[in-house]
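The structure under discussion appears below in the form of C-alpha cells.
Number of protein chains: 2
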Amino acid sequence: MKKVAVIGAGNSKFGVRNDVNIAELAFEAVKPCLEDANAAAKDIQFVALGSVGAGAWYEELLPAVVTGEYCGLTGAGLVRCEAACASGSAAFFTAYSAIASGQADITMALGVEKMREIDNATSMEWIGRAGYYMWEFHNFGMTFPAYYAMYATAHMAKFGTTEEDLALVAVKNHKYGSMNPNAHLQNKVTVDDVLSSMVIASPLKLYDCCPLTDGASALVLASEEKVKELGIDTPIWVAGIGYSSGTANLSKRPDFVGLESSVSASKMAHKMANTAPDQLDFAEVHDCFTIAEILAYEDIGLCRKGEGVKLLREGQTEIGGKIPVNMDGGLKAKGHPIGATGCAMIYELTKQLREETVERSRQVPLKNYIGLAHNVGGTGHYCYVTILRR
Amino acid sequence: MKKVAVIGAGNSKFGVRNDVNIAELAFEAVKPCLEDANAAAKDIQFVALGSVGAGAWYEELLPAVVTGEYCGLTGAGLVRCEAACASGSAAFFTAYSAIASGQADITMALGVEKMREIDNATSMEWIGRAGYYMWEFHNFGMTFPAYYAMYATAHMAKFGTTEEDLALVAVKNHKYGSMNPNAHLQNKVTVDDVLSSMVIASPLKLYDCCPLTDGASALVLASEEKVKELGIDTPIWVAGIGYSSGTANLSKRPDFVGLESSVSASKMAHKMANTAPDQLDFAEVHDCFTIAEILAYEDIGLCRKGEGVKLLREGQTEIGGKIPVNMDGGLKAKGHPIGATGCAMIYELTKQLREETVERSRQVPLKNYIGLAHNVGGTGHYCYVTILRR
Numbered sequence: 122m123k124k125v126a127v128i129g130a131g132n133s134k135f136g137v138r139n140d141v142n143i144a145e146l147a148f149e150a151v152k153p154c155l156e157d158a159n160a161a162a163k164d165i166q167f168v169a170l171g172s173v174g175a176g177a178w179y180e181e182l183l184p185a186v187v188t189g190e191y192c193g194l195t196g197a198g199l200v201r202c203e204a205a206c207a208s209g210s211a212a213f214f215t216a217y218s219a220i221a222s223g224q225a226d227i228t229m230a231l232g233v234e235k236m237r238e239i240d241n242a243t244s245m246e247w248i249g250r251a252g253y254y255m256w257e258f259h260n261f262g263m264t265f266p267a268y269y270a271m272y273a274t275a276h277m278a279k280f281g282t283t284e285e286d287l288a289l290v291a292v293k294n295h296k297y298g299s300m301n302p303n304a305h306l307q308n309k310v311t312v313d314d315v316l317s318s319m320v321i322a323s324p325l326k327l328y329d330c331c332p333l334t335d336g337a338s339a340l341v342l343a344s345e346e347k348v349k350e351l352g353i354d355t356p357i358w359v360a361g362i363g364y365s366s367g368t369a370n371l372s373k374r375p376d377f378v379g380l381e382s383s384v385s386a387s388k389m390a391h392k393m394a395n396t397a398p399d400q401l402d403f404a405e406v407h408d409c410f411t412i413a414e415i416l417a418y419e420d421i422g423l424c425r426k427g428e429g430v431k432l433l434r435e436g437q438t439e440i441g442g443k444i445p446v447n448m449d450g451g452l453k454a455k456g457h458p459i460g461a462t463g464c465a466m467i468y469e470l471t472k473q474l475r476e477e478t479v480e481r482s483r484q485v486p487l488k489n490y491i492g493l494a495h496n497v498g499g500t501g502h503y504c505y506v507t508i509l510r511r
Numbered sequence: 122m123k124k125v126a127v128i129g130a131g132n133s134k135f136g137v138r139n140d141v142n143i144a145e146l147a148f149e150a151v152k153p154c155l156e157d158a159n160a161a162a163k164d165i166q167f168v169a170l171g172s173v174g175a176g177a178w179y180e181e182l183l184p185a186v187v188t189g190e191y192c193g194l195t196g197a198g199l200v201r202c203e204a205a206c207a208s209g210s211a212a213f214f215t216a217y218s219a220i221a222s223g224q225a226d227i228t229m230a231l232g233v234e235k236m237r238e239i240d241n242a243t244s245m246e247w248i249g250r251a252g253y254y255m256w257e258f259h260n261f262g263m264t265f266p267a268y269y270a271m272y273a274t275a276h277m278a279k280f281g282t283t284e285e286d287l288a289l290v291a292v293k294n295h296k297y298g299s300m301n302p303n304a305h306l307q308n309k310v311t312v313d314d315v316l317s318s319m320v321i322a323s324p325l326k327l328y329d330c331c332p333l334t335d336g337a338s339a340l341v342l343a344s345e346e347k348v349k350e351l352g353i354d355t356p357i358w359v360a361g362i363g364y365s366s367g368t369a370n371l372s373k374r375p376d377f378v379g380l381e382s383s384v385s386a387s388k389m390a391h392k393m394a395n396t397a398p399d400q401l402d403f404a405e406v407h408d409c410f411t412i413a414e415i416l417a418y419e420d421i422g423l424c425r426k427g428e429g430v431k432l433l434r435e436g437q438t439e440i441g442g443k444i445p446v447n448m449d450g451g452l453k454a455k456g457h458p459i460g461a462t463g464c465a466m467i468y469e470l471t472k473q474l475r476e477e478t479v480e481r482s483r484q485v486p487l488k489n490y491i492g493l494a495h496n497v498g499g500t501g502h503y504c505y506v507t508i509l510r511r
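Sequence lines, in order, name chains A and B.
Mind the numbering: the first sequence is residues 122 to 511 in the working numbering, read in order.
Mind the numbering: the second sequence is residues 122 to 511 in the working numbering, read in order.
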C-alpha cells in the first residue's frame, strides 16, 4: 500500500448560497485547495466528487462533469460518490484508493451540495427518503429528526441523558462555530435558547438540529513521491480509513443507543492506523443532531457506553479538555451540505494538524498529532472514519 | 499494487422489469454472482454500486443501502458511484482499487438501474440532463439522440459513412443479442428494418438507438490470496483500467468524429496492462447509438480514424473476423440500464474469457485471452476502459 498525504485543503463559505450555482460554489473550494497544494488543475489525475442532490436539490444530474469542467479539471478521471451524508468521506476514500493502489499520483476529493434552492417541504421529503424510502418514509412518514428523536429518547431512558445535556452540544458547537468565519451559523446560543426553541420532533428542538446548508470543500491527495516533487512542507498523512454499513430497516436494529456501523468503522480505521482512541488529539464527529454527537463519543470509543454525557458536562470535548470535538462548529453550526461534509471534516483535521486554523483560539493543542473524522450517512446506514497523522 | 481478479459474475434478465423493485432486481444478479464466486454475502467487505436514477427514474434515494440490505450485504463498506452511463465501470474501478490498495480482500461491483417505471417524456428529460443541464439541455433542448446525431452527421460528412453503415451495427448487435437469453431485445433486424424505422434525430432512427432498460449486473473481485483461499479455478485478472473525462460543453469540442476521453482512457488502460489494441481477442464497446460503436472502433484503436466502417462492412467485428465486438448484443440489443451497463460489459468479458458463454455460437475464439470493455458516460463526458486477462 502506497503512502498517501493530504497536501491541499480548501473550503467555500458555508450558508445559504443562492448567489452561486453548484460549479461556482465548488470553485470557491477548489481554487484555494489547489493553491494550498502548490498544484495546477491540470495536474489532478482523478477527481471523486461527493454530492447527493443531483436532480433533487439542484438541477444538474451530472455534477461531477459540470463542477469539474468549471474548475478546469476536465481530462481527469471522474466519479461522483454517494453515501448519503457520508458522501464526502466516500469520495475521500475513493481518491485515496486511486493513489494507494498505485494507479495515480495526485487526486482530488471534492464535496459540494446545494440544498437551499428548493422549498423546505420538498427538502424534508428528499432528506426523509435518505432512510429506507419504502419502509420508514413511505409507510410511516418518518423523516430525519424523527429517526434521531427515537435515539435521543432511548438514550435518555437508558442513561439518564437530559434535554439540557443535548443542549450542551449545541452550546459548545455554536461557540466554536462563532470562531469559524466559514460557518453557516455564527451565533452563540445558551442552554435556555436551545430549550426554548421550537420543538421539531420531541425531545429534539430547533437548536438540536443542524441547518440545511450550501457548501463545498476540496482536498488534494498525493503519493509520497509527489509530496517530495511538489516540495510540500507539512504533508498530513492518511493513517487509517474504516467503513461499514447498517440496516436501513430501523425495526431490525438491536437498540437505539448507538450506531453499530460507527463502532465497526472506527475499529477498522484504528486497526489500519495502528492507533487507539486515547491517542487522538481531537476529533470531528457527525453531529447532525445534538444526540448524534453524544452517540458518536461512545461509538468511536472516546468514552464508555453511557458516559458521553459525562464528557460533555465536564467540558472534556472543548479546548483544554481531554479531547476537543468539532472545533469548526460541527454540522450543528458550521452547517451540513451533505455531500461536502466529509471533506469539510478532513479539511478541519488538516488545518488543525498543521496548526494553521486561522482563528487561533480554536486551535487544539497537539501531542500525538493525530486527528479523526467520523462521518455517518443516514442513521448509520453508512459510516466512514478517517484518521490523519502529521 | 496487489493483483485483483474477477471471480464471480451474475446478470439479471434485462428488459422492462416492472415485476420487481430495485432491490429484487439487484438480487437477481447478486445471487448467481456470489454462487459463481463460491462466496457468501457476509464475506464481501466493500460494495460499490453503479446507479444513476436514484430519486429520478426510481424512488429510492439510497439504492446502495436498500439493495445491499436486500442482498444480505449490510455491514460491508458501501458507496454508490455515478459516472452517468459509465457508472458500472466507475463502481468496478472503486471495488478494484479497494483491493489493489491492500485495504480489502474481496469486494463487489454491482450495477442496477430501473428506467421504465416512469413515462417516456420524463425519462427523456432525465437522460437529456445527463449532458450539461444548463447549457445543451436547458438552453437548446437537446437530448441524447440529438447529441449523437451531431456526431453521426459529422462522421458521414468527413468519412463517407452512410445510413446503411450505421444500420449494419444494429443488424450485427441484434443478431448476437438474439443468442443472449438475458438480452432486452432478442429480435433480429435487417438493414431495411433499420432504415425504415421512425426517425428519432436524423440521421438516427429508432433502430439506431439502444432501448431504455431495467437490469442489474454483479461482479465479485478478489485479491490473489483470496483467489487461492476460495479455490477459484479460472480467475480472470484485471490487467488495466483507464479513465478520462471530456468537456460537457459540446461547443468546446475540437470535432465531432470521435471522443477524446475514449482515446485517453484506452491508452491509459493499455499502458497499465502492457498491451496493445491488436492483442485483444474481443471487445465490448459503448454502442448507445449505432454511430457510437463506429466511433469506439476508431477511438480505442481497433482501426485507424475513418476506417471503422471498413471493419463493419467486412464483418471484422463479428465472430470469425479480426476482433468480435459486443457479442452479448451490446447496449443496442442487450439493453442499457445505465448504472449496470459497465458491470454487464465486464460480466461478458469474464464469461467469454472463461469460455463459458451459455450460448456457444457466440463464444469468441481466444488467442491471447485478453478482452476490453469501453464504457462511455454522456457523450464522452466520462470514459472508463477496463482490460481483463485470463
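All C-beta atoms in this analysis are idealised placements derived from N, C-alpha and C, irrespective of residue type, glycine included.
- A straight-line Cα-Cα distance of about 25 angstroms links Gly429(A) and Ala369(A).
- Closer than 7 angstroms to the CB of Tyr503(B) there is at least one CB belonging to chain A.
- Taking C-alpha positions only, Arg138(A) is separated from Leu146(A) by approximately 8 angstroms.
- Among the CB atoms of chain A, none fall inside 7 angstroms of the CB of Tyr272(B).
- Restricting attention to Phe410(B), Lys152(B), Val168(B) and Val348(B), the CA atom closest to the CA of Ala130(B) is found in Lys152(B).
- Judged by DSSP in its simplified three-state form, Phe377(B) adopts coil rather than helix or strand.
- From the beta-carbon of Cys206(B), no residue of chain A is found nearer than 7 angstroms; the closest lies around 10 angstroms away.
- Contact of Glu203(A) with chain B is assigned, a C-beta pair being separated by under 7 angstroms.
- A distance below 6 angstroms between beta-carbons, with the five flanking residues on each side excluded, links Ala204(A) to the following residues of its chain, in chain order: Ala211, Gly498 and Tyr503.
- The residue among Ser482(B), Thr500(B) and Lys455(B) with its C-alpha nearest the C-alpha of Asn132(B) is Lys455(B).
- Boundaries of the beta strand (DSSP E) around Ile321(A): Val320 to Ala322.
- For Leu182(A), same chain residues with a beta-carbon under 6 angstroms away, outside a window of 5 residues either side, are Ala175 and Gly176 in chain order.
- DSSP places Asp335(B) in the strand class (E or B) of the three-state scheme.
- In this chain, the beta strand (DSSP E) harbouring Met229(A) covers Ile227 to Glu234.
- In this structure, the CA atom of Thr188(B) is about 42 angstroms from the CA atom of Gly436(A).
- Non-local beta-carbon contacts of Val312(B) in its own chain, meaning distances under 8 angstroms to residues more than five positions away in sequence, involve Glu285, Ala288, Leu289 and Val292 in chain order.
- Interface criterion met: the Cβ of Gly223(A) is under 7 angstroms from a Cβ in chain B.
- The criterion of a C-beta distance shorter than 7 angstroms is satisfied by Ala221(B) and Lys123(B).
- Chain B has no Cβ within less than 7 angstroms of the Cβ of Leu351(A).
- Straight-line spacing of the CA atoms in Ser387(A) and Ala169(B) works out to 20 angstroms.
- Going by beta carbons, Ser344(B) and Ser366(B) fall outside the 7 angstroms limit.
- Straight across, the Cα-Cα distance linking Ala216(A) with Phe214(B) is about 11 angstroms.
- Annotation: Cβ neighbours of Thr195(A) in chain B (cutoff 7 angstroms, chain order): Ser366, Gly367 and Thr368.
- If you compare the alpha carbons of His276(A), Ala390(A), Ile321(A) and Asn159(A) with that of His495(A), the shortest gap goes to Ala390(A).
- Residues of the segment 332-347 of chain A whose Cβ lies closer than 8 angstroms to any Cβ of chain B: none.
- Nearest CB-CB separation between Ser218(A) and chain B: below the 7 angstroms threshold.
- The C-beta distance from Thr264(B) to Gly249(B) rounds to 4 angstroms, short enough to meet the 8 angstroms contact threshold.
- For Ala339(B) against Ala150(B), the beta-carbon gap comes to about 4 angstroms, under 8 angstroms, which counts as contact.
- Around the beta carbon of Ala270(A), a 10 Å sphere encloses 16 or more other beta carbons of the protein chains shown; the residue is thus reported as buried.
- Uninterrupted beta strand (DSSP E) stretches at least 3 residues long and entirely within the segment 381-417 of chain A occur at 403-405, given in chain order.
- CA-to-CA, the gap between Ala394(A) and Val446(A) works out to about 20 angstroms.
- For Glu190(A), at least one C-beta of chain B is nearer than 7 angstroms to its own C-beta.
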